[in-house]
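First comes the structure, then the notes that go with it.
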Ligand code: UTP
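So, in structure tokens, the structure goes:
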């Protein structure tokens with residue numbers, strides 16, 4: 001019987017420079033898509049996939065994120081008094097139970113691999129998930145849930161993968177595919193941010209992972225990779241040589257890169273259009289804007 005995946009690491013210690021000056025005081029993960037911070041989408045996805053322990057790797061300046069997960073008894077009381085039951089239910093749904101959330105600190109932004117390594121003592125010897133909250137995925141079955149189902153068959157390491165155009169591959173970790181089985185591919189290697197024209201495939205890794213504890217041991221070596229950072233991709237790829245297979249999983253759903261401004265704006269529009277209370281007003285506004293744009297051309 002495979003060990004169940006019940007722990008997830010959320011690395012949120014990056015500097016978020018692409019959103020400066022906002023990220024001078026607001027952690028990127030607290031920025032809101034419609035009315036919920038990015039991190040809430042990540043928590044909901046993890047919980048739906050059966051995750052019970054939520055481990056955040058944070059850094060200086062992220063206290064707003066820790067505060068977000070505190071209960072708000074005064075606010076709850078106020079909403080109750082005002083009879084705002086729906087809002088109260090929404091608020092309560094974002095509460096975390098005592099003890100299900102833990103924070104560890106990454107003292108220096110040395111890379112995603114290093115951030116994950118910082119949580120090693122809370123993982124011990126079991127498989128675990130990693131979720132990057134700035135990759136938001138709209139899907140009928142949440143992406144991590146799809147992956148856990150596939151992982152129960154395969155074991156090993158599993159990364160979420162999606163096809164990208166060749167000119168975009170150098171922004172991602174890219175899989176070198178040994179065997180393509182449809183939604184699952186087996187990798188013979190992985191390259192982080194390959195130089196233009198050298199990517200081994202068009203399958204890019206995005207921010208969902210299910211990893212074996214051996215990856216944490218690989219990270220112990222602290223090898224720096226692309227951009228001088230300690231890369232998670234490299235530590236996962238090392239496992240292939242140790243006979244722990246690595247699989248890419250082509251998830252069903254739409255991924256938004258909310259770490260970039262254009263991606264964040266696209267996600268805002270898509271998530272707002274998916275809401276009954278906003279769709280009509282926003283859609284007619286967008287139609288108007290498009291008309292104006294056409295007229296101006
Ligand atoms: P990004 O590459 O998006 O970096 O990190 P960033 O610092 O968040 O943003 P920019 O590029 O400066 O705008 C991907 C994920 O890895 C985490 C980030 O918090 C984000 O969730 N990360 C990255 C860490 O936790 N620590 C690091 O040292 C680097």
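In the UniProt record's numbering, the protein residues as written are 1 to 297. A virtual CB, placed ideally from N, CA and C, is assigned to each residue, including glycine.
For the alpha helix (DSSP H) containing residue i, name the first residue and the last one.
i, result
"residue 291", "279-296"
"residue 81", "73-81"
"residue 115", "112-117"
"residue 264", "261-273"
"residue 219", "214-219"
"residue 179", "Looking at the DSSP string, residue 179 is not in any alpha helix (DSSP H); the run it does join, the beta strand (DSSP E), is 173-180."
"residue 35", "First-last for residue 35: undefined, no H or E at that position."
According to DSSP, is residue i part of a helix, a strand, or is it coil?
i, result
"residue 162", "strand"
"residue 238", "helix"
"residue 148", "helix"
"residue 2", "coil"
"residue 211", "strand"
"residue 122", "helix"
"residue 251", "coil"
"residue 128", "strand"
"residue 30", "helix"
"residue 244", "coil"
"residue 53", "strand"
"residue 206", "strand"
"residue 97", "coil"
"residue 141", "coil"
Run the proximity test for residue i: is its beta-carbon closer than 8 Å to any non-hydrogen atom belonging to the ligand UTP?
i, result
"residue 12", "yes"
"residue 100", "no"
"residue 114", "yes"
"residue 59", "yes"
"residue 21", "no"
"residue 245", "no"
"residue 15", "yes"
"residue 106", "yes"
"residue 234", "no"
Could you pull the start and end residues of the beta strand (DSSP E) that residue i belongs to?
i, result
"residue 186", "184-192"
"residue 8", "7-11"
Would you say residue i reaches chain E, if we count a Cβ-Cβ gap shorter than 9 Å as a contact?
i, result
"residue 243", "Absent here is chain E; the protein component of the structure consists of one chain."
Problem set entry | Inter-stretch contact at 8 Å, needing at least 3 Cβ pairs: the segment 101-108 / the segment 70-82 | Taking 8 Å as the limit for Cβ pairs, the verdict is that the segment 70-82 does not touch the segment 101-108.
Exercise. Counting pairs of beta carbons, one from the segment 269-289 and one from the segment 220-229, are three or more of them closer than 8 Å?
Worked result: With a cut-off of 8 Å, the segment 220-229 and the segment 269-289 do not count as touching, because too few Cβ pairs lie within range.
Exercise. Counting pairs of Cβ atoms below 8 Å between the segment 238-246 and the segment 187-194, do you hit three or more?
Worked result: Touching, per the Cβ criterion.
For this session: Could you tell me whether the segment 241-255 touches the segment 153-161, where touching means 3 or more Cβ pairs closer than 8 Å?
Result: Segments in contact, yes.
Exercise. Are three or more beta carbon pairs between the segment 144-152 and the segment 89-100 nearer than 8 Å?
Worked result: Segments in contact, no.
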